[in-house]
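Taking it in order: structure first as structure tokens, then the write-up.
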Amino acid sequence: MTRTIERAVRSPQVQLGQGRQDALVCCVMPARLSARSRGYTSAWDKARAGYLRTHPHCAMCRAIGSTVEATVVDHIVPHRRNSSLFWDKANWQPLCKPHHDSTKQRKENGRIVRLIGVDGWPVAEI
Ligand SMILES: [Zn+2]
Numbered sequence: 024m025t026r027t028i029e030r031a032v033r034s035p036q037v038q039l040g041q042g043r044q045d046a047l048v049c050c051v052m053p054a055r056l057s058a059r060s061r062g063y064t065s066a067w068d069k070a071r072a073g074y075l076r077t078h079p080h081c082a083m084c085r086a087i088g089s090t091v092e093a094t095v096v097d098h099i100v101p102h103r104r105n106s107s108l109f110w111d112k113a114n115w116q117p118l119c120k121p122h123h124d125s126t127k128q129r130k131e132n133g134r135i136v137r138l139i140g141v142d143g144w145p146v147a148e149i
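Residue numbers are given in my numbering: position 44 of the sequence shown equals residue 67, and the series is strictly consecutive.
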């Protein structure tokens, strides 16, 4: 039988109240900036809407032989607040939300992503 045990990481003794006690330390993730702070301004909203009008179908769905409405303008190379990459339309691709939120995220995390066609066979690796 396999048993999983979660461990709390304790810091060295920390003064709490009247006595010294261990304090739990948790992972602190940096706060994510708001979408507006990351460059997604009203100018982006207009550019995005125009792009989706001229590129209405998800590029990844199209690669697997399906036609699905794109609702996200994805930055092919993550812009990481680089203005040139952010506004470079050659770096944009239309995606549906499921592909943006799952397939694209796996790819950005360094995984090889295999696109499976509507017939159930792999059609591409990205
Ligand atoms: Zn898609």
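Here a beta-carbon is modelled for each residue, glycine too, at the ideal position from N, C-alpha and C.
These numbers come from a predicted model, not from an experiment.
His78 sits in coil when the DSSP states are folded into three classes, being neither helix nor strand.
As a beta-bridge residue in DSSP terms, His98 pairs with Trp115. For Arg137, the pairing in a beta bridge is given by DSSP as Glu148.
Residue Ile87 holds the alpha-carbon nearest to the alpha-carbon of Val136 among Ala93, Phe109, Ile87. The closest heavy atom of ligand 1 lies less than 6 Å from the beta carbon of Val91.
Across the structure, Arg103 and Ser60 are spaced so that their CA atoms are roughly 12 Å apart. Checking the 6 Å criterion, the Cβ of His98 is out of range of every heavy atom belonging to ligand 1.
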